[in-house]
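Per our numbering, the sequence shown starts with residue 32, numbered consecutively.
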Amino acid sequence: MAGSDETTGSGGTGGFYLANTGLLIIGGANGLTADGEVVIGTAGPLIVDKDVSAGGQVTLTAGDSAATGDDLTVNTGVTVESTTSNVTLRAGDDVQLQSGSIVDAAGMVTIQGDFDDADPGTGSTINILGTLNTVTQA
């Protein structure tokens, strides 16, 4: 997907898969849902502005570049959940779980900053101001 910065959709009884270039906002009226897994990746910032719900694994990735700003942000009032599996949030730079956001997994929650490290020496900041719910703890 190129040329758009907002997506919404449903994977129905299957999964939802999206590879994007540049800024991506998960928004629209209903966010994203799927009975299977949800796998979203973008080469740039990823903003989760509406709920993401999956029966399978949820993987959201803001890919890294040599520039700054490849952040993954889950906005206030938004829930990212897997009802049967894990949730993985990865950002090339920073991860921001805003106050009032919820990440809920039947399995594990994994949060990775500086993912793919295309800008060595820069590092990342991970701010967890929202709620993490997980059944499995490592």
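Every residue, glycine too, gets a C-beta built ideally from N, C-alpha and C.
Just checking my contact of residue 80 with residue 58 at CB under 8 Å: how many whole Å lie between their CB atoms?
Right, their Cβ atoms sit about 4 Å apart.
Under the DSSP definition of a beta bridge, which residues are partnered with residue 47?
DSSP, once it has assigned bridges, lists 69 as partnering residue 47.
The beta strand (DSSP E) with residue 127 in it runs from where to where?
Where residue 127 is concerned, the enclosing beta strand (DSSP E) stretches over 126 to 128.
How many Å lie between residue 66 and residue 100 at the Cα?
Answer to the nearest angstrom: the Cα atoms are 32 Å apart.
With DSSP as the reference, please indicate the residues paired to residue 164 in a beta bridge.
BP columns for residue 164 point to 135.
If we require 3 or more residues per run, which beta strand (DSSP E) segments fall completely within the segment 58 to 103?
Counting only runs of 3 or more, we get 63 to 65, 69 to 74, 77 to 79, 83 to 85, 89 to 93.
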